[in-house]
Every structure is written in C-alpha cells, then in structure tokens.
Amino acid sequence: MIAPPPPPPPPSKKTKISSTSVVLAISPDDWHDLFAHHAKNPQDTRIGVGIHPWFARAFPINEYLPALRRHLSANQSLIVGEIGLDKSARWIRDGDGSRDDNFDIQLNSFRRQFLLAGEYNRPTSVHLVNKVFVPFFDFLEEMRQANTPFPPTISLHSYSGTSEFAAKILRFEKMIDPPNSRFFFGFSNYVNFNDGRSEKSTKKLSDCLKRIPRDRILCESDTKGDCDNINEVYSTIESIASALDLDIATVANFTKKNGEAFLLQQQKQS
C-alpha cells in the first residue's frame, strides 16, 4: 500500500517536484521487495513493515514478531504498517473456526504490532474496516490505563469511520499521559471518493472531513506499487479540496505538512 505525503499543488508535466512516498507492506511476502525498493530510492521513500489484517492467519504473529523486532532495531526510519482490524476479511467469514475465534487471531496480531510501534516509538498506519471501531478504542483505553507507550503518530488510513468517532479519538488523545501521541486521518480517492458512492455517503464523508482539524488530514493513494500513485494523490487532493470548498494549492500544502508531521520529519528538522 502507498500513502505518500503529497507535494505542493499538482504541477505541470515539466515541473520537478519533491516528495516522500510511504510504501507499506501488507505481509512478510512483501518485506524483501520493500527493502529492495527502498535501497534504490533511499532519499524519497519511507517504508513500513507489518502484517495486514487480511493476512493475520496466514502469517501468525508469534512466528513473525521476532523478525519485525529485528527490522525495527536495524532501521531507525522504518515505520509499522500496514496493520489493523477488518471483519470483512474472507478468512474470518469463511475460514476454519468461528468468526469470533478468527477475529481474536486478528485482534491479537494487531495488538502486538501496535504495541511494538509504541515500544520502538515509530509511526504506524492502521486499517479499520467493518464494525471494528469499538474493539479498537477499547484496546486504546486499555493501553492508556496501563500507561503503555503509544506510537508517536497513528494514521487511520482511508478512514471510513464517523465524524463522531474521529472527535472521540481526538478527545482521547488529550487523555494520554504523557501527551506524546497524535492521531491522523488518511483519505484516498481510490477508497473514500470512488465513483460508486451514493449521494448520502458522499455528504457524510464531506461532513466528516469538515469536522476533522486540517492539521490531522492525510492524503493517500492506497493503491498497489505498480499503479500511477502520483496521479492518485493528485486526485485525492482535488477530492478533498472539493469536499472542503478549498483551492487545490491550500489542500496540497497543508496535507504535505501533515505528512511530514506523521513521519516525524518536522522533529528531525527542528
């Protein structure tokens, strides 16, 4: 999955741009190719390793957590992702065992990777789909009460939750002690603004965007590595601008800054 902080306004074909692409693994099968990709583009690429909720059963966390630890220890710029919860995963619905038991496998995989991101103080990208917001929040509250370290930045990518849940997350953020974690909300043209959305869901998305602080909105492509990711990012910028009644340059600029904040680049520059 790709979620690049976008460059300033969409340029002409002759304009050279500078941006950082964030390339995230979805299973250990991707990790080798991801490191090879980063080796070819070390200056303008950040990468993340993790086990996507769709693959939590195929790649048991007990077997792969030691490798995740080794990679995080060896690479200080590595982030954790893509991880998360998704009850629509086919193996939860149709696999061996009950749906509850299968979801527990997925939840355990997510929890341990999220805790690892907190332990190593790394940004993390979280996938939340299909009635998983309650168990996600319950886990966050459990961490807060136990004073467990949170990741410094958390992106809820291609965010499909409500504006009310976003507000709840931002209120929760203020309760974390010490207050050293920030939540961001990613949006992608591919998922959030696709042509198949109904008028009702489009209005709901627009209202949600308007209620999320501008400094917490991320622009994503959420497409595979062989797709035209830059154009997907530009399309997302245009869609967010339309939803917020803003010009494209404004959205490009503030989402670029937000991407840098998510990656902790601003801390490194200051």
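Under our numbering, the letters of the sequence shown match residues 2 to 271, in that order. Every residue, glycine too, gets a C-beta built ideally from N, C-alpha and C. Keep in mind the model is a prediction, meaning the values are calculated, not measured.
In the structure shown, what three-state DSSP assignment does residue i receive?
i, result
"residue 84", "strand"
"residue 124", "coil"
"residue 243", "helix"
"residue 70", "helix"
"residue 156", "strand"
"residue 110", "helix"
"residue 194", "coil"
"residue 133", "coil"
"residue 25", "strand"
"residue 10", "Only weak support exists for where residue 10 lies, its pLDDT of 47 falling under 50; the coordinates are left without a value."
"residue 144", "helix"
"residue 119", "helix"
"residue 97", "coil"
"residue 250", "helix"
"residue 167", "helix"
"residue 236", "helix"
"residue 177", "coil"
"residue 258", "helix"
"residue 35", "helix"
Which value, in whole angstroms, describes the spacing of the CA atoms of residue i and residue j?
i, j, result
"residue 190", "residue 162", "16 Å"
"residue 107", "residue 93", "9 Å"
"residue 182", "residue 35", "27 Å"
"residue 37", "residue 71", "17 Å"
"residue 225", "residue 48", "14 Å"
"residue 263", "residue 123", "10 Å"
"residue 255", "residue 261", "10 Å"
From what residue to what residue does the beta strand (DSSP E) around residue i run?
i, result
"residue 219", "218-221"
"residue 58", "No beta strand (DSSP E) holds residue 58; DSSP gives it neither H nor E."
"residue 189", "183-189"
Find the nearest neighbour of residue i within the set the options, judged by alpha-carbon distance.
i, options, result
"residue 28", "21, 45, 40 and 61", "61"
"residue 170", "157, 94 and 113", "157"
"residue 101", "25, 113 and 87", "87"
"residue 116", "69, 129 and 243", "69"
"residue 243", "222, 207 and 95", "207"
"residue 75", "121, 133 and 136", "121"
"residue 216", "140, 185, 192 and 235", "185"
"residue 57", "44, 89 and 193", "89"
"residue 104", "136, 82, 167 and 49", "136"
"residue 130", "32, 91, 25 and 63", "91"
"residue 77", "234, 50, 236 and 211", "50"
"residue 237", "262, 194, 142 and 258", "194"
"residue 144", "126, 80, 160 and 118", "118"
"residue 146", "233, 177, 260 and 63", "177"
"residue 114", "257, 95 and 140", "140"
"residue 280", "180, 203 and 36", "Outside the modelled stretch of the chain, which goes from 2 to 271, sits residue 280, for which no answer is possible."
"residue 81", "55, 128 and 192", "128"
"residue 134", "223, 38, 222 and 168", "168"
"residue 32", "45, 54, 79 and 21", "79"
"residue 164", "23, 211, 220 and 249", "211"
"residue 219", "240, 200 and 202", "240"
"residue 85", "44, 263 and 110", "110"
"residue 26", "152, 166 and 52", "52"
"residue 30", "23, 21, 41 and 65", "65"
Just to confirm the assignment, what range does the alpha helix (DSSP H) spanning residue i have?
i, result
"residue 325", "Residue 325 is absent from the model: the chain starts at 2 and stops at 271."
"residue 224", "Careful: residue 224 lies outside any alpha helix (DSSP H) and carries neither H nor E."
"residue 212", "200-212"
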